[in-house]
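*Asks:* In terms of this note's numbering, the numbers along the sequence shown are unbroken and rise by one, the last being 1441.
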Amino acid sequence: MKKLSSLLPVFILLTGALFSPLLLSSQTNLSGPINANTTWAIGGSPYIIQDDVTVNEGVTLTIQAGVVVKFLDHYDDLFVNGRLIANGTAVNPVIFTAITDDAHGGDTNGDGSATLPGPDQWGAITFGTTSIDNSLDYCWIGYGGGYYTSAMINSATSDLSIRNSTIAYSAERGVYCDAASPYFEGNQFVGNTTDGIFFNHLDKQVNLNLTNNTFTDNTNFAVMASLSENESNVTLSGNTSTGSSHNGFGLQGTIAGSVTFDANPDFPFIVWEDVSVNEDAVLTFTPGTTVKFNDHYDDLFVNGSLIANGTSSEPISFTALADDVHGGDTNGDGQTDPAPDQWGAISFGANSIGNSLDYCWIGYGGGYYTSAMINTATSNLSIRNSTIAYSAERGLYGDGASPLFEGNHFLGNQTAGIFLNHLDNEVNLQLTNNVFEGNNDFAGLANLHENRSDITLSGNSSTGSSHNGFALQGTISGAVTFDANPGFPFVIWEDVLVNEGAALTFTPGTTVKFNDHYDDLHVYGSLNAMGTDVSPIVFSALADDAHDGDANGDGSATEPAGDQWGAIWFYDTSTGNNLEHCWIGYGGGYYTSGIINAYTSDLIIRNSTIAYSWERGVYCDGATPLFEGNHFIGNQTDGIFLNHLDNAVDLQLTDNVFTDNINFAAIAILSNNESNITLSGNSSTGSSHNGFAMEGTINGGVVFDANPGFPFIIWQNVTVNEGAVLSFAPGTTVKFNDHYDHLYVNGSMNAVGSETSPITFTSLADDAHDGDANGDGTATEPAGDQWGAIWFYQTSSNNHLEHCWIGYGGGYYTSGIINTYTSDLIIRNSTIAYSWERGVYCEGATPLFEDNEIIGNYTDGIFLNHLDNAVDLQLLDNVFIDNVNFAAIAILNDNGSDIILSGNSSTGSSHNGFAIEGTISGGVVFDVNPGFPFIIWQNVTVNEGAALTLTPGTTVKFNDHYDHLYVNGSLNAVGTEISPITFTSLADDAHDGDANGDGTVTEPAPDQWGGIWFNATSTGNNLEHCWIGYGGGYFSSAIINAYTSALDMRFCTVAWSPERGIYLENASPVLEGNKIHNNVVGMYTTAQSLPNLINNDIFDNSSHGIINGDASVEVDAINTWWGDASGPYHPDKNATGLGNEVSNYVLFEPWLTAPGGVTNNEELLISKLGFEWHNISPNPFKEQTRLDFSLTEAKQITIEVLGMHGQVVEVLFDGHLLPGDYTKTWEASETASGLYTICIRSAKGILLRKVIKI
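(1) Would you call Lys-1369 buried or exposed, if buried means 16 or more other Cβ atoms sit within 10 Å of its Cβ?
(2) For Leu-1435, which residues of its own chain have a beta-carbon under 6 Å away from its beta-carbon, when the five flanking residues on both sides are left out?
(3) Classify Thr-965: buried if its beta carbon has 16 or more other beta carbons within 10 angstroms, exposed otherwise.
(4) In whole angstroms, what is the alpha-carbon distance linking Pro-590 and Ile-503?
(5) Taking the alpha carbon of Glu-372 as the reference point, which residue from Thr-422, Gly-674, Ile-885 and Ser-1166 has its own alpha carbon closest?
(6) Quick check: what's the CA-CA separation for Gly-1043 versus Ala-976?
(7) Counting only runs that start and end within the stretch 891-926, where is the beta strand (DSSP E) found for 3 or more residues in a row?
(8) By the 10 Å Cβ neighbour count, where 16 or more other Cβ atoms means buried, how is Gln-1383 classified, buried or exposed?
(9) Quick one: grab the DSSP three-state call for Gly-231.
(10) Which of the three DSSP states, helix, strand or coil, is assigned to Ser-858?
(11) Cutting at 6 Å between CB atoms, please list the residues of its own chain near Leu-1137, excluding the five before and the five after it.
(12) Is the separation between the beta-carbon of Asn-407 and that of Ser-428 shorter than 8 Å?
(13) Relative to the alpha-carbon of Ser-950, which residue among Arg-571, Leu-323 and His-929 has its alpha-carbon at the smallest distance?
(14) Within 8 Å, do at least three Cβ pairs link the stretch 553-560 to the stretch 463-477?
(15) Pair every Cβ in the stretch 908-917 with every Cβ in the stretch 953-968, then say whether three or more of these pairs are closer than 8 Å.
(16) In its own chain, which residues sit with a C-beta less than 6 Å from the C-beta of Gly-1314, not counting the 5 before and 5 after it?
(17) For Gly-499, which residues of its own chain have a beta-carbon under 8 Å away from its beta-carbon, when the five flanking residues on both sides are left out?
(18) Comparing alpha-carbon positions, which option in Gly-918, Lys-922, Thr-865 and Pro-895 lies nearest Glu-882?
(19) Between Asn-830 and Glu-861, is the Cβ-Cβ spacing less than 8 Å?
(20) In chain order, what residues of the same chain lie with their CB nearer than 7 Å to the CB of Gly-1105, ignoring the 5 residues before and after it?
(21) Within the same chain, show all residues whose beta-carbon is closer than 6 Å to that of Ala-1032, passing over the 5 residues directly before and after it, in chain order.
(22) Got a sec, what are the start and stop residues for the beta strand (DSSP E) Trp-166 sits in?
(23) If you draw a straight line from the alpha carbon of Val-1300 to that of His-1178, how long is it in whole angstroms?
(24) Who does Trp-992 pair with in a DSSP beta bridge?
(25) Name the DSSP bridge partner or partners of Ile-724?
(26) Could you give the uninterrupted runs of the alpha helix (DSSP H) lying entirely in the stretch 1150-1234, keeping only those of 4 residues or more?
(27) How long is the line joining the alpha carbons of Val-1027 and Leu-1035, rounded to whole angstroms?
(28) Quick one: measure Cβ to Cβ for Glu-1037 and Leu-1012, integer angstroms, because I've assumed they're closer than 8 Å.
(29) Along the chain, where does the beta strand (DSSP E) containing Cys-1426 start, and where does it finish?
(30) Roughly how many angstroms lie between the CA atoms of Trp-309 and Ala-537, to the nearest whole one?
(31) Confirm, please, whether the CB-CB distance from Thr-884 to Asn-848 is below 8 Å.
(32) Any idea what DSSP makes of Ile-1441, helix, strand or coil?
(33) Can you tell which of Ala-970, His-709, Pro-945 and Asn-224 has its C-alpha closest to the C-alpha of Val-242?
(34) Closest to Ser-1089 by C-alpha separation, out of His-1053, Pro-1139 and Gly-1109, would be which residue?
(35) Grab the span of the beta strand (DSSP E) containing Asp-1284 for me, first residue to last.
(36) Under three-state DSSP, which class holds Leu-1434?
What follows is the structure in structure tokens.
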């Protein structure tokens, strides 16, 4: 108990309270407890509390209006455990003040001005927890707060109303409440040393109301509340504060219930240290409320719910203490400016639900290790119509959360407007009608982690950021749709991965931009980007302002270019991919192979533009996407690069346009390819290779179909493997890059065009066929040696070239523009032109050539090095023009195959015909058409046991006087009167045309070729209706040299030899009806040669008709025409003969008096032969004809039917007949229609008759 002053002489006890009058007789001195209801009336004023006064529980102390209560010193308090009613009036307030306060109740301590009132001069009015129904109205309470009090008024009860009062100059707070929520209305809190009001825990049962209070010059806070599991509302209305460091309602602590905090304008809530809204709790801020945060350590944590729904006219603000624009000069300094990092964040925990921020202004936070000014781990948050501004970090940071964003303004945040670290896979993300302005890095950024939620962007815009759009990185694991509005693109910041089994869909009109050349979109699942003609989907560089605006916010400082982003990658697990109506450009950076890279065929690229890649437009590895209606433009290497096609999928390029792709429009590296390639409606300009290039190997049955104007281009080599089949469709053009490039066929190739749609194989420089494929205009012209060749190897089969144009090849060690080692090749109706070597080179191979044009080849049209003995050679209706050396040439090596030439022609070559050299080892027929002769180039040898048959009409020309035909086997050259067989000089234009192509420059003459040699082993030789001339050169003995008797020579001409016409050594052939003239010696015989000479014409030989060099025998040359009716000249036996001279040992009488043999003396011939024809009837005939003939003597005869080429068709009789008349019937019902010859043959000669089977 404090001691009373020694100046107090009287003690008065009144209703349990001590009153000790001081020097003034009107004052009332008080101390001790009040145990009964008491009134302090005006008459006892002032009341001096000299020691603590306690109003006990259940007791009411009433203080009348105008009463002054003074406290003696800072130890003195008024404790209210019962009830205190101190209701003054505006005119007569109740005063609670210090003893030194002379302004209220006079100079109570009587010291004049020696002492002045100030804080800490008395203790406090303290309301205990049992205190009820307390009222302070129109009170002036000041200068207290002394001696360990918390405030000048302390309340542990909410049952206290403080109205219209002044609480001033406390040494601590004006009011301190402990778990109490008194009612405050119309009060003034002035000059309190710390806070106007401090709440240490509000009363959970009572809502707090502060109405129309004025706070002036309270040092720290106007009001401060430390909340502990708070469950009560706070309503601030009409309050003002000035002169404090925190002119508002400070908050810290926890909220555990559903509460509403309502702050009036310019009297904000101030978060002093953190405020947490517990799980299941709800904090609601009313429209117009401002919440300020003290510093960058201060946060609002929401584990329950936060509802801050303002209105357009009364937004709710969350801002920094220094922000004077929102809620006034709350820190009372009038000079500091708000800035980022001045408070922490509003953070929504994972269990937080039902959160709504609507018409809020949230700014200047993001401090002290926060991720953003708003942090949320829950999707249960709606942010609408709000401004999120000037965060030191992001405006909003979401972790595993997908809030709703609508109609917001994200302004000036230091990194990103929104950063979402892992979306909520259960909630789709929506950003609608948001404006992003001046956010340094990103408008929005999502770090996706196994994402399964959609992203919908609608009506958003962004300016002033380095990434004006919604940035993405991370992984997608579900089926999601990303939808970006115009002007607000997606931005790939680092890589985005669509996992296997996941599907990413971009909606029409969406733009996706990539940050830099390290950034890619990896698709292991599915990507669907299907735009429309009017709303394409764009994948482009951040610098591309033409598509969806200035996303990098640098104006025109940067321009888009290749290498500014990576690529879209489709991996082998990826399925169901679609790119349609897309614009994809400016990528191909950082070790990408193309702006699109595909390892799957399950990709459709349609109606899209792929442009300006630093590498290829599209790169495929083991993949065959579908390409349709696309535009590939300005890619730095190729439009499309296919590294190994998918053998299970055919490649289709349809209606694509390729423009200014530097190297190739498209190129495929084939690796054991088994898929078709179909090109339709494509075009290309501005590339070095305007077409579809290819190299590599083919392993299956494939069809390659190129459209007009877009050729295939062989880049390096293409090989068709054994067992594989490559078919080119009609109209296809194949161009070859350079003279190192070839098409190798080990399997099969079918290139069957049509008359109107031929297939072309040509040089890249050939603009006449399918346009300017090398893109150089007229700078280069096509020529031989500009590509290699087509090679058909031994394993190759079923090859077919028809209606093809093949030209300008034959380069780099090729033998021809076509090289074949197989006979299983048909070349028909095609042009083979301008080879640097041969047109066609064959080795051990015998293709079929029919109806081709072989033109302008630098050496030969066709070169056959060893024919295939199992296949006859057919050249049918081919035209050879301007081939430098040979139209065609065959090097025969033990040849056993026929050669059939029909309908061919040649001009402009040095050898206009079919040249041959080498050896024949089988029974072969050589059949040449008129105007296209055989040409013996060097020697031809018919080996022993072999047989060469030349058909009627065949012409054989010899290149020069070194060239011979050696017959060690058999030669059958049986012509006809109208189709003779000719052996002559290359210079002989009279027989089968100008074969050496020199016009009239050279004339035929003796010694221009060697001879025909029938050697001793030769058997069964027949020359009939032959013209043989201008030979006898280079050490030959004659044009015809015979060392065998096995030679029948009938109706032939042997002429213009520089030596003998015929040389016989130990040979006794049959020579009948021949014309031997204009030689030096018509015939020379030696070594017991006894030729059987029948009706020959031997004349105009310059030396002798016949010289017999063997005196041991006589040559029987009777019935010969010697050039004159007077017979041959012999100095002894016929000195008056004017015909050719004969030597000794030649029998010449009788001689013929006219030329022509049987023609002029049929009876003599019949007499000599011993048989004659009577009749062949019918002739022509259909099924059978009768042959009538007679024999005048018994003999061995053979009756044969010969075909058009002299071949035996049927033997009708072979045996011995006696003299008499005979009839034979030829039953020919199974024989083909045509012209045939009936031949009766005996040892003395033959008779021939023609028949026609119809």
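Glycine included, C-beta positions come from ideal geometry on N, C-alpha and C.
*Replies:* If we stick to the structure as given:
(1) Position 1182 of the sequence shown, counting from 1, holds the residue named residue 1369. Burial call: exposed.
(2) The residue labelled residue 1435 in the question sits at position 1248 within the sequence shown. Same-chain partners within the cutoff: Thr-1424 and Cys-1426.
(3) As a position in the sequence shown, residue 965 is number 778, starting the count at 1. So Thr-965 counts as exposed.
(4) Here residue 590 refers to the residue found at position 403 when the sequence shown is read from its first residue. Here residue 503 refers to the residue found at position 316 when the sequence shown is read from its first residue. C-alpha separation (whole angstroms): 19 Å.
(5) In the sequence shown, the residue the question calls residue 372 occupies position 185. Taking only the C-alpha atoms, the option nearest Glu-372 is Thr-422.
(6) The residue you call residue 1043 lines up with position 856 of the sequence shown. The residue you call residue 976 lines up with position 789 of the sequence shown. Approximately 16 Å between the Cα atoms of the pair.
(7) 899-907, 912-915 and 920-923
(8) Numbered from its first residue, the sequence shown carries residue 1383 at position 1196. So Gln-1383 ends up on the exposed side.
(9) Taking the first residue of the sequence shown as position 1, residue 231 is located at position 44. Of the three classes helix, strand and coil, the one that applies to Gly-231 here is helix, per DSSP.
(10) The residue labelled residue 858 in the question sits at position 671 within the sequence shown. Strand.
(11) As a position in the sequence shown, residue 1137 is number 950, starting the count at 1. So the qualifying residues of the chain are Phe-1113, Ala-1160 and Ile-1168.
(12) Here residue 407 is taken as the residue at index 220 of the sequence shown, counted from 1. Here residue 428 is taken as the residue at index 241 of the sequence shown, counted from 1. No, the Cβ-Cβ distance between Asn-407 and Ser-428 is not below 8 Å.
(13) Translated into the one-based positions of the sequence shown, residue 950 becomes position 763. Here the closest residue by C-alpha is His-929.
(14) no
(15) no
(16) Here residue 1314 refers to the residue found at position 1127 when the sequence shown is read from its first residue. Only Asn-1321, Gly-1324, Gly-1326 and Trp-1338 meet the Cβ criterion.
(17) Stepping through the sequence shown from its first residue, residue 499 is reached at position 312. For the sequence presented, residue 499 should be read as Ser rather than Gly. Result list for Ser-499: Tyr-546 and Asn-572, in chain order.
(18) By one-based count along the sequence shown, residue 882 stands at place 695. Of Gly-918, Lys-922, Thr-865 and Pro-895, the residue nearest in Cα terms is Lys-922.
(19) On the sequence shown, residue 830 is found 643 positions in, with the first residue counted as 1. On the sequence shown, residue 861 is found 674 positions in, with the first residue counted as 1. Against a cut-off of 8 Å, the Cβ pair of Glu-861 and Asn-830 comes out as no contact.
(20) For this step, residue 1105 is matched to residue 918 along the sequence shown. Correct list, in chain order: Ile-1078, Leu-1079, Asn-1080, Asn-1082 and Val-1127.
(21) Position 845 of the sequence shown, counted from the first residue, corresponds to residue 1032. Excluding sequence neighbours, Ala-1032 sits near Thr-1007, Tyr-1008, Thr-1009, Ser-1010 and Asp-1055.
(22) The structure shown has nothing for residue 166, since the chain only spans 188 to 1441.
(23) Numbered from 1 along the sequence shown, position 1113 holds the residue referred to as residue 1300. Numbered from 1 along the sequence shown, position 991 holds the residue referred to as residue 1178. Val-1300 and His-1178: Cα-Cα distance of roughly 38 Å.
(24) By one-based count along the sequence shown, residue 992 stands at place 805. Partner(s): Thr-947 and Thr-1018.
(25) Start at 1 with the first residue of the sequence shown, and residue 724 comes out as number 537. DSSP output for Ile-724 lists Cys-769 as bridge partner(s).
(26) none
(27) For the purposes of this step, residue 1027 is taken as residue 840 along the sequence shown, with counting starting at 1. For the purposes of this step, residue 1035 is taken as residue 848 along the sequence shown, with counting starting at 1. Those two C-alpha atoms are separated by around 12 Å.
(28) As a working note, residue 1037 is residue 850 in the sequence shown. As a working note, residue 1012 is residue 825 in the sequence shown. Actually they are not in contact, since the Cβ atoms of Glu-1037 and Leu-1012 sit about 12 Å apart, beyond 8 Å.
(29) Counting from 1 along the sequence shown, the entry for residue 1426 is found at position 1239. Run containing Cys-1426: 1421-1429, per the beta strand (DSSP E) assignment.
(30) The residue labelled residue 309 in the question sits at position 122 within the sequence shown. The residue labelled residue 537 in the question sits at position 350 within the sequence shown. Whole-angstrom Cα-Cα distance: 50 Å.
(31) Working through the sequence shown from its first residue, we reach residue 848 at position 661. Working through the sequence shown from its first residue, we reach residue 884 at position 697. No, Cβ-Cβ distance for Asn-848 and Thr-884 is not below 8 Å.
(32) The residue given as residue 1441 occupies position 1254 in the sequence shown. The answer is coil: DSSP assigns Ile-1441 none of H, G, I, E or B.
(33) Taking the first residue of the sequence shown as 1, we reach residue 242 at position 55. Ranking Ala-970, His-709, Pro-945 and Asn-224 by Cα distance to Val-242 puts Asn-224 first.
(34) As a working mapping, residue 1089 is identified with position 902 in the sequence shown. Considering only alpha carbons, the answer is Pro-1139.
(35) Counting from one through the sequence shown, the residue named residue 1284 turns up at place 1097. Run containing Asp-1284: 1284-1286, per the beta strand (DSSP E) assignment.
(36) Translated into the one-based positions of the sequence shown, residue 1434 becomes position 1247. Strand, per DSSP.
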